[in-house]
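Protein chains in written order, with the working numbering: chain A, 1 to 219; chain B, 1001 to 1219. Ideal Cβ placement from N, Cα and C applies to all residues, glycine included. As the structure is a computational prediction, the values presented were derived from the model and not from experiment. Quick notes on the structure that follows.
2 protein chains.
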Amino acid sequence: MKKQDFIVQKELIQRLVRYKNILLKFKSMGLSKAFSDNLGDAAGVSSSLVRKDFSLAHLAVGNKRGGYPIDVLLQRLDALLGTQILQRIVIVGCGKIGTALMNYKGFANENVEVVAGFDNNPARINPAAAPIPILPVSQLAAFVKEQDIQVAVLAVPENAAAGILDQLAAAGVQGVLNFSPVQLKAGSSLFIQNINIAFEIENLFYYVRFNQRRAAAET
Amino acid sequence: MKKQDFIVQKELIQRLVRYKNILLKFKSMGLSKAFSDNLGDAAGVSSSLVRKDFSLAHLAVGNKRGGYPIDVLLQRLDALLGTQILQRIVIVGCGKIGTALMNYKGFANENVEVVAGFDNNPARINPAAAPIPILPVSQLAAFVKEQDIQVAVLAVPENAAAGILDQLAAAGVQGVLNFSPVQLKAGSSLFIQNINIAFEIENLFYYVRFNQRRAAAET
DNA sequence: TATATACTGTTCATATTGTCACATTAAATA
DNA sequence: TATTTAATGTGACAATATGAACAGTATATA
């Protein structure tokens, strides 16, 4: 089987999605053409890479002079990535992070709708809460199956993370955005994106310190 | 100048920090020795890579039989990365995400202290708030300079992000964790880690869809 | 003490990823 | 219409990162 027939590279997909978002922004600004140069700038990559990505993804529609027609490119990107219809997700764990995400406005712009929250703490449970009901974790699996939820956000404490992940996987969830401070590993049919905020900050400090030391050593 | 003398690779540093966290966890569980195998498992990388990383970082202290003494390894990691003393950060933008972060307990475990929040909205400003005062953005630069803050979290709306970033850079901040939905690019003396939640979720959906399609095509 | 074992450290091979450079070609211009 | 120009598309290449393999050696065991 040829590898090239399908896109494997995780980063490539990410970049394509990013290009798409940038193109949408360009379009909303009234532009109708984009150049590999602009796109690269906006996406933080080189123009060569933009062109190569388009080439690899078989969606090269650029005019040798005058760049890429944004509309055509967007169409092709949609055909490749799949049109982004309304995406329904659930949030497991309604602590600080979880509730902040439930109220996060950024989702609306991206066609993401949080349809339910789940928690173990009886004090937080409120099936009648509007617009997002908060249900007990015991109902998680059934809900996910019934509503055909594909992606879930995990914002539970460290010790609960692995257990919930199993439940989600068993219920058929295929993608998880994990905010809990454990590095969860993905199975074959489950995709996990880990975001560990404290870890990122720690990392930043180390990086800053490293830069300082290197700068000091270079003088 | 030899490259090997200093660690350049961003991912290597990240892995080292991760190893360190795992080692701390091991230690708190009462273990005194670690093996490249365990470490790799926990960090989600191969055992070869663990050994290679240690080798590159010049902190190979493993016994040919019996693995790595955790205490020694931690000491060396600290010597290399710099001991993690209390890290003071500020949070700019006290909306949903910002406030959630201010109350986030995960920071305490990692020796990170949020010393102030900043916002433009007068309704949110409260210099007397305990334990974290919320100050007007106009005071940001002065505060950062005076308190010698090195790392800031950015949780402002899209249109404000670039402006605040400039202010932070000018005031001497060296690391920024950016939650705003713009992909900010780092200057030479400023390090940026972007976290775009909506984007991550969007990405997950695309990835899930891709996997489905590939699975369908492979049958 | 001698031997066996099991883990490290390092070398080598391989795969992957992004950049460079250039031929190609559509539009602009005269 | 002929020519110029400015952008793309892609093959070759270099850099990098990872995995596999294996020699070397400290500990355990008898």
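Could you confirm whether any beta carbon from chain A is found closer than 8 Å to the beta carbon of glutamine 1004 of chain B? Numbered from 1 along the second sequence, position 4 holds the residue referred to as residue 1004 of chain B. Summary for glutamine 1004 of chain B: the model assigns pLDDT 35, below 50, so the residue's position carries little reliability; its value from the coordinates is reported in the next sentence. By this cut-off, glutamine 1004 of chain B is not an interface position.
Neighbourhood of methionine 102 of chain A by C-beta distance below 8 Å, restricted to the same chain and skipping five residues each side: Here the question's residue 102 of chain A lines up with position 102 in the first sequence. So the qualifying residues of the chain are Ile91, Cys94, Val114, Gly117, Ile132.
So does the region 177-185 of chain A actually touch the region 123-137 of chain A, counting three or more Cβ pairs closer than 8 Å? No: fewer than three Cβ pairs fall under 8 Å.
Let's see if you can read the secondary structure: which residues bound the alpha helix (DSSP H) around aspartate 78 of chain A? Counted from its first residue, the first sequence places residue 78 of chain A at position 78. It spans 70-81 - the alpha helix (DSSP H) in which aspartate 78 of chain A sits, taken as one unbroken run.
According to the neighbour-count rule (16 or more other Cβ atoms, all chains shown, within 10 Å of its Cβ), is aspartate 5 of chain A buried or exposed? Taking the first sequence and counting its residues from 1, the one referred to as residue 5 of chain A is at position 5. For aspartate 5 of chain A, the predicted structure reports a pLDDT of 41, less than 50, and the residue's modelled location is therefore unreliable. A value from the coordinates is still provided. With fewer than 16 Cβ atoms within 10 Å of its Cβ, aspartate 5 of chain A is classed as exposed.
Per-residue contacts from valine 1045 of chain B into chain A (C-beta, under 9 Å): For the purposes of this step, residue 1045 of chain B is identified with residue 45 of the second sequence, where counting begins at 1. Chain order gives no chain A residues near valine 1045 of chain B, where near means a beta carbon separation below 9 Å; the closest approach is about 10 Å.
Cβ pair tyrosine 1206 of chain B, isoleucine 201 of chain A closer than 8 Å: Start at 1 with the first residue of the second sequence, and residue 1206 of chain B comes out as number 206. Start at 1 with the first residue of the first sequence, and residue 201 of chain A comes out as number 201. Taking 8 Å as the Cβ cut-off, tyrosine 1206 of chain B and isoleucine 201 of chain A do not qualify as a contacting pair.
Could you name the residues of the same chain whose beta carbon sits closer than 6 Å to that of serine 1046 of chain B, not counting the 5 residues immediately before and after it, in chain order? Against the second sequence, residue 1046 of chain B aligns to sequence position 46. Beyond the five residues adjoining it in sequence on each side, serine 1046 of chain B comes within less than 6 Å, by CB distance, of Gly1040 in the same chain, given in chain order.
Rounded separation between alanine 1155 of chain B and alanine 100 of chain A - CA only: Along the second sequence, one-based indexing puts residue 1155 of chain B at 155. Along the first sequence, one-based indexing puts residue 100 of chain A at 100. Rounded to the nearest angstrom, the two C-alpha atoms are 12 Å apart.
The region 1135-1153 of chain B / the region 11-26 of chain A touching (three or more Cβ pairs under 8 Å): These segments do not touch.
Using a Cβ-Cβ cut-off of 8 Å, state whether arginine 124 of chain A counts as contacting chain B. Along the first sequence, one-based indexing puts residue 124 of chain A at 124. Interface flag for arginine 124 of chain A against chain B is unset, since no Cβ pair is found closer than 8 Å.
So which of A/Lys52, A/Val72, A/Asp53 has the shortest CA-CA distance to valine 61 of chain A? As a working note, residue 61 of chain A is residue 61 in the first sequence. Nearest C-alpha to valine 61 of chain A among A/Lys52, A/Val72, A/Asp53: A/Val72.
Using 8 Å as the limit for Cβ to Cβ distance, is phenylalanine 1237 of chain B near chain A? The question about residue 1237 of chain B has no answer here: the residues shown for chain B are numbered 1001 through 1219.
On the three-state DSSP scale, how would you describe valine 1115 of chain B? Here residue 1115 of chain B is taken as the residue at index 115 of the second sequence, counted from 1. Strand at valine 1115 of chain B.
Out of curiosity, what's the CA-to-CA distance linking proline 1127 of chain B and valine 1144 of chain B? Position 127 of the second sequence, counting from 1, holds the residue named residue 1127 of chain B. Position 144 of the second sequence, counting from 1, holds the residue named residue 1144 of chain B. As the crow flies, the alpha-carbon of proline 1127 of chain B is around 15 Å from that of valine 1144 of chain B.
Tell me which residue opens and which closes the alpha helix (DSSP H) that asparagine 1038 of chain B is part of. The residue given as residue 1038 of chain B occupies position 38 in the second sequence. Residues 1036-1043.
Residues near asparagine 1194 of chain B by beta carbon distance below 7 Å, same chain, minus five either side: Here the question's residue 1194 of chain B lines up with position 194 in the second sequence. Close CB contacts of asparagine 1194 of chain B within its chain, under the 7 Å cut and outside five residues either way in sequence, are with Asn1178, Gln1183, Leu1184 (chain order).
Below 8 Å on C-beta distance, what does leucine 1204 of chain B contact in chain A? Taking the first residue of the second sequence as 1, we reach residue 1204 of chain B at position 204. Correct list: Val151, Gly175, Val176, Leu177, Phe191, Gln193.
Check valine 182 of chain A in the structure and name its three-state DSSP category. Counted from its first residue, the first sequence places residue 182 of chain A at position 182. Coil, per DSSP.
Buried or exposed for arginine 214 of chain A, going by 16 or more other Cβ atoms inside 10 Å? Against the first sequence, residue 214 of chain A aligns to sequence position 214. Answer is exposed; the Cβ neighbour count stays below 16.
How should arginine 18 of chain A be labelled, buried or exposed, when 16 other C-beta atoms within 10 angstroms of its C-beta is the threshold for buried? As a first step, residue 18 of chain A must be located in the first sequence, where it is residue number 18. Per the 10 Å Cβ criterion, buried.
Apply the 10 Å Cβ neighbour rule to asparagine 1203 of chain B and answer buried if 16 or more other Cβ atoms are within range, or exposed otherwise. Position 203 of the second sequence holds residue 1203 of chain B. Burial call: buried.
For valine 1153 of chain B, report the span of its beta strand (DSSP E) as first-last. Locating residue 1153 of chain B in the second sequence gives position 153, counting from the first residue. Bounds of the beta strand (DSSP E) holding valine 1153 of chain B are 1151-1154.
Glycine 1175 of chain B - partner residues in DSSP beta bridges: Locating residue 1175 of chain B in the second sequence gives position 175, counting from the first residue. Here glycine 1175 of chain B is bridged, per DSSP, to B/Val1151, B/Phe1191.
At the 8 Å Cβ level, is phenylalanine 1100 of chain B part of the contact set with chain A, yes or no? Translated into the one-based positions of the second sequence, residue 1100 of chain B becomes position 100. Looking at the sequence provided, one finds alanine at residue 1100 of chain B rather than phenylalanine. Put simply, the CB of alanine 1100 of chain B is near chain A, with a gap under 8 Å to one of its CB atoms.
Arginine 1222 of chain B (DSSP reduced to helix, strand or coil): The shown model of chain B, from 1001 to 1219, leaves out residue 1222 of chain B, and the question about it has no answer.
Chain A contact residues for phenylalanine 1035 of chain B, given Cβ-Cβ distances below 9 Å: In the second sequence, the residue the question calls residue 1035 of chain B occupies position 35. What phenylalanine 1035 of chain B touches in chain A: nothing, since even the nearest Cβ is about 18 Å away.
Beta carbon of alanine 222 of chain A nearer than 8 Å to that of leucine 86 of chain A: Residue 222 of chain A lies beyond the residue range present for chain A, which begins at 1 and ends at 219; the question has no answer from this structure.
Does the ligand HEM have a heavy atom nearer than 7 Å to the CB of proline 1122 of chain B? As presented, the structure is devoid of all ligands, the ligand HEM included, so that no description of it is given.
Members of the region 71-94 of chain A that neighbour chain B once the beta carbon cut-off is set at 8 Å: If the cut-off is 8 Å between Cβ atoms, the region 71-94 of chain A has Leu81, Gly82, Gln84, Gln87, Ile89 near chain B.
Start and end of the alpha helix (DSSP H) containing leucine 1016 of chain B? Position 16 of the second sequence, counted from the start, is the residue given in the question as residue 1016 of chain B. Counting along the chain, the alpha helix (DSSP H) containing leucine 1016 of chain B begins and ends at 1010-1028.
Going straight from the alpha carbon of isoleucine 1097 of chain B to that of glycine 106 of chain A, what length do you get? Taking the first residue of the second sequence as position 1, residue 1097 of chain B is located at position 97. Taking the first residue of the first sequence as position 1, residue 106 of chain A is located at position 106. Cα to Cα, isoleucine 1097 of chain B sits roughly 10 Å from glycine 106 of chain A.
Glycine 1163 of chain B by DSSP, collapsed to three states: which one? In the second sequence, residue 1163 of chain B corresponds to position 163, counting from 1. Residue state, collapsed to three classes: helix.
Report, in whole angstroms, the separation of the C-beta atoms of leucine 1074 of chain B and lysine 1020 of chain B, which I expect to be a contact under 8 Å. Stepping through the second sequence from its first residue, residue 1074 of chain B is reached at position 74. Stepping through the second sequence from its first residue, residue 1020 of chain B is reached at position 20. Between lysine 1020 of chain B and leucine 1074 of chain B the Cβ distance is about 7 Å, and since that is below 8 Å, they are a contact.
Proximal residues of chain A, C-beta to C-beta of glycine 1163 of chain B below 8 Å: Here residue 1163 of chain B is taken as the residue at index 163 of the second sequence, counted from 1. Contact annotation for glycine 1163 of chain B against chain A: no contact, minimum CB-CB distance about 18 Å [criterion: below 8 Å].
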